[in-house]
Amino acid sequence: MTEPSNEPTPDLSEYQLGESVGYLISRVKSTLHNLVTQRSMAELGITSQQGSILFMVASGKCLLAAELAREYGIDASAVTRLIDRLEKRGLLTRVRSNEDRRVVRLALTPEGNAIAARMPAIFNGVLDTLLNGFTPEEVGFLKSMLRRVLANSGEHTGLSRDAASHPDNKS
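So this is what it looks like as structure tokens:
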């Protein structure tokens, strides 16, 4: 058995992590998530993921657990646990479809709707902080580039091109 080495391999020592687009995107995502969680916990007593789920249901973008799983890239059992927690807190309910009894839609309670309605202000407040000093044109350009990255991945953003590219639409 060989001794572990503390010397980085030549390939790793030459790799500049701080210059990696993937690393930078990951760090921005993590920072955004953490800042939204700090605000949503302080103001609403929920995590950013819980608030985001409530917002997605309220907006009509995700009305089924499977849609949430696809949107967030998490497995169905994790979504079920998140929905269970939100249901237990009285923020959302499961409603069986009258047309197809196999389909269970998600619906917000009045309290869930009230929280969902407050999420855009939290999202925008955090983004205002993170995008401080950016011009509206730079924000528009950043969004355009991120949409292109998503398009290259084969993912559809779900926004109309005009609405998504408007400079005032920071989120």
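Residue numbers (our numbering): 44 to 214. Note that beta-carbon positions come from the ideal geometry of N, C-alpha and C, so glycine has one too. A quick note: this is a predicted structure, and the numbers were derived from the prediction, not measured.
Excluding five sequence neighbours on each side, which residues of the same chain lie with their C-beta closer than 8 Å to the C-beta of alanine 101? Leu151, Gly155, Asn156, Ala159 and Ala160
Buried or exposed: arginine 191, going by 16 or more other Cβ atoms within 10 Å of its Cβ? exposed
Under the three-state DSSP convention, the category leucine 151 falls into: strand
Run of the alpha helix (DSSP H) containing arginine 139, from where it starts to where it stops: Premise fails: arginine 139 lies in the beta strand (DSSP E), 135-139, not in any alpha helix (DSSP H).
Would you mind reading off the limits of the alpha helix (DSSP H) that contains proline 179? 179-196
Does the beta-carbon distance from leucine 170 to leucine 129 come in below 8 Å? no
Under 8 Å by Cβ, that's how I've got leucine 149 and isoleucine 126 pegged, so tell me the actual separation to the nearest angstrom. 7 Å
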